[in-house]
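Heads up: the sequence shown begins at -12 in the numbering used here, then just goes up one per residue.
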Amino acid sequence: MSSALFASDFKAAPYWWDAVPRPELPLSEPPKQADVVVVGSGYTGLHAALQTARGGRHTVVLDAEAAGFGCSTRNGGQISTSVKPSFAELSRRHGKERAFAIQQEGRNSLRFVGDFVREEEIDCDFSVVGRFHAAHSPGKYEELARSVDSQPKGLEVACHVVPRSEQRSEIGSDLYHGGVVYESHASIDPARYHQGLLAKGVAAGAELVPFCPAQGISRLGKDFLVETPRGTIRARDVVIATNGYTGPLTGWLRRRVISIGSYVIATEALDPALVDKLIPRNRIVSDTRKVVYYYRASPDRRRILFGGRVSLSETDPRRSGPDLHAAMSGIFPELAETKISHSWCGFVAYTFDELMHIGRHDGMYYAMGYCGSGVGMASYLGMRLGQQVLGLPEGATAFDQLPFQTRPFYTGNPWFLAPSVLYYRWRDRLAR
């Protein structure tokens, strides 16, 4: 760990928290009874709570930490169409009709966030900037180019190929071999978005109880008893919205999500001319490596925010920061001497089929497993989940009743993660 890489005012906390620190909500006692108890105050939980509160249900949202402490305010602020498996792969698994519907849900999630921000007038730097998805090898560029030309009918998205000869118009780097711009993908300030969503939920009547973890959930007739350190709540419905922070409270769900640390750094303030050179069109950026990196300019275009998985096991952001800095400098040599102002980590949830899941188990509602695409899909499925609690037909999704896979002997400890990362790094080097 090189201390020379850290700025004098370095913070081991999300860059987004500088302008929007975690809200100081009153440490009130939870009520004895509620219609709905939501466990988790991220995008999923708050969108579900907003729906149920506006639907007239007395809704209580619990969180073990401050509101939005998890990945909802720790992510890179990138919004895409979310669904990772291809149409062909989904068709093989679920048939063409279901595959089409699942892919369409990804597009729905992107559109939903834009509509929600506009209609609710949330000030969060939302902008449709487009995403440059860069090819890390010539073979990957050819694969991307073919995917643009062979989009499934009815699922076409606005995109265009950028050959390596024109790459500098999108990114100030020669590392890549061209790429594709997905024109409708967007950026957002995740903490300001969360704060706006939180305010809407409170205004609708949802009751937020921070620093009050759900410690146990049991049944009493048709109702649930949710135990907390500050009392027990009797509730008609329970929503589990814990995603990458799913723990022993819900063992069945914990066996079905793989909690993975995703690390991000922010550079110190840069010359705006340098940012214009590195990311000239203000795109969000990702690449085709299996061990993926994602990055963008900050909303004020004074810093580069750079994220990815750089550790074989979970580690301190002070240790991951220099590794991310090295990866960033490999793409942008001009940043080799730039210092790190912030370094942080958040936990995302992957699934064994690389799909997000929504449903009901043991009477409790859940949505989780966004596989790194949580800004759009957690918002969208949280909204749909709230509609399902209300019994509304529009709450139905293409993910309903999909098998939620686990593996033998897996209990929530991803022992296979380190060898998997090593294998994919080897694949990435081989492709180059």
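We put the beta carbon where it would ideally sit given N, CA and C, even for glycine.
DSSP three-state assignment for His348, whether helix, strand or coil | Residue state, collapsed to three classes: strand.
Under the three-state DSSP convention, the category Leu(-8) falls into | In this structure, Leu(-8) counts as helix in the three-state DSSP scheme.
Alpha-carbon spacing of Val70 relative to Ser360, whole angstroms | Cα-Cα distance, rounded: 8 Å.
Count the other CB atoms within 10 Å of the CB of Thr398; is the residue buried (16 or more) or exposed (fewer)?
-> Burial state of Thr398 is exposed, judged by a 10 Å Cβ sphere holding fewer than 16 other Cβ atoms.
Would you please state the rounded distance, in angstroms, between the beta carbons of His329 and Leu(-8)? I believe it to be under 8 Å.
-> Going by Cβ atoms, the distance from His329 to Leu(-8) rounds to 12 Å, so no, they are not a contact pair.
His120 in three-state terms, based on DSSP = Looking at His120 - three-state DSSP - the assignment turns out to be strand.
Using a threshold of 9 Å, state whether the C-beta atoms of Cys146 and Gly248 are closer than that.
-> Cβ atoms of Cys146 and Gly248: not closer than 9 Å.
Closer than 6 Å by C-beta to Gly308: which residues in its own chain qualify, once you throw out the five before and the five after it? Chain order, please.
-> Result list for Gly308: Ile252, Ile327, Ser330, in chain order.
Coil, strand or helix - Ser249 by DSSP = Note: Ser249 maps to strand in three-state DSSP.
Asp112: first and last residue of the uninterrupted beta strand (DSSP E) it sits in = Where Asp112 is concerned, there is no enclosing beta strand (DSSP E), given that its DSSP letter is neither H nor E.
Own chain residues within Cβ distance below 7 Å of Met(-12), not counting five before or after = Any reading at Met(-12) needs caution, since the residue's pLDDT is 46, under 50, leaving its predicted position unreliable; the model's value is listed next. Arg305, Arg306, Pro309, listed in sequence order.
Is the region 193 to 205 touching the region 95 to 102, taking contact as three or more C-beta pairs under 8 Å?
-> With a cut-off of 8 Å, the region 95 to 102 and the region 193 to 205 do not count as touching, because too few Cβ pairs lie within range.
Scan the region 206 to 262 and note each continuous alpha helix (DSSP H) run of 4 residues or more that stays entirely inside, going in chain order.
-> Here the runs fully enclosed are 238 to 241.
So, are the CB atoms of Tyr128 and His172 less than 9 Å apart?
-> Going by C-beta atoms, Tyr128 is not nearer than 9 Å to His172.
Report yes if the C-beta distance between Pro177 and Gly63 is below 9 Å; otherwise report no.
-> Yes; because the gap between Cβ atoms is below 9 Å, this pair is in contact.
Please name the residue in Leu37, Tyr337, Val115 whose C-alpha comes closest to that of Phe403.
-> The shortest Cα separation from Phe403 among Leu37, Tyr337, Val115 belongs to Tyr337.
For Pro1, count neighbouring Cβ atoms within 10 angstroms of its own Cβ and tell me buried if that reaches 16, exposed if not.
-> Using a 10 angstroms sphere on the CB of Pro1, the tally of other CB atoms reaches 16 or more, which defines it as buried.
Considering only the beta carbon of each residue, do Glu157 and Pro17 sit closer than 9 Å?
-> Not in contact: Glu157 and Pro17 (Cβ atoms no closer than 9 Å).
Arg241 versus Gly234 - alpha carbon distance = Distance between the alpha carbons of Arg241 and Gly234: 6 Å.
Under the assumption that Asn230 contacts Tyr357 (Cβ atoms under 8 Å), give the Cβ distance between them as a whole number of angstroms.
-> Between Asn230 and Tyr357 a beta carbon distance of about 7 Å is seen, short of the 8 Å cut, so the two are scored as contacting.
Quick check: the region 25 to 39 against the region 364 to 383, are there 3 or more CB pairs under 8 Å?
-> Look at the beta carbons and you see the region 25 to 39 touching the region 364 to 383: at least three pairs across the two are nearer than 8 Å.
Express the C-alpha separation of Arg44 and Tyr352 in angstroms, rounding to a whole number.
-> If I take the Cα positions, the gap works out to 15 Å.
DSSP puts Phe334 in a beta bridge; with which residues?
-> Phe334 is bridged to Gly248.
Pick out whichever of Pro390, Gly159, Ile345, Asp224 has its Cα sitting closest to the Cα of Leu322.
-> Measuring from the Cα of Leu322, the nearest candidate turns out to be Gly159.
Measuring CA to CA, which of Ala383, Asn269, Ser114 is closest to Arg155?
-> Among Ala383, Asn269, Ser114, the Cα nearest to that of Arg155 is on Asn269.
6 Å CB neighbourhood of Gly192 in its chain, flanking five on each side removed | Around Gly192: Ala40.
Assign Phe396 to buried or exposed, taking buried as 16 or more other Cβ atoms, counted over all protein chains shown, within 10 Å of its Cβ.
-> Burial call: exposed.
Residue range of the unbroken alpha helix (DSSP H) whose run includes Leu372 | Element bounds for Leu372: 361 to 376.
Three-state class that DSSP yields for Val148 in the structure shown | Correct three-state label for Val148: strand.
Out of Thr275, Ser78, Asp340, Arg394, point me to the one whose CA is closest to Ala132's CA.
-> Taking only the C-alpha atoms, the option nearest Ala132 is Thr275.
Best match in Val226, Ser137, Gly141 for proximity to Gln375 [C-alpha to C-alpha] | It is Val226 whose Cα lies nearest to the Cα of Gln375.
Does the Cβ of Leu257 have 16 or more other Cβ atoms within 10 Å, making it buried, or fewer, making it exposed?
-> Leu257 counts as buried, since at least 16 other C-beta atoms from the protein chains shown sit within 10 angstroms of its C-beta.
Which runs of the beta strand (DSSP E) fall wholly inside the region 38 to 98 and span at least 3 residues, in chain order?
-> Entirely contained in the region 38 to 98, the beta strand (DSSP E) runs reaching 3 residues are, in chain order, 46 to 49.
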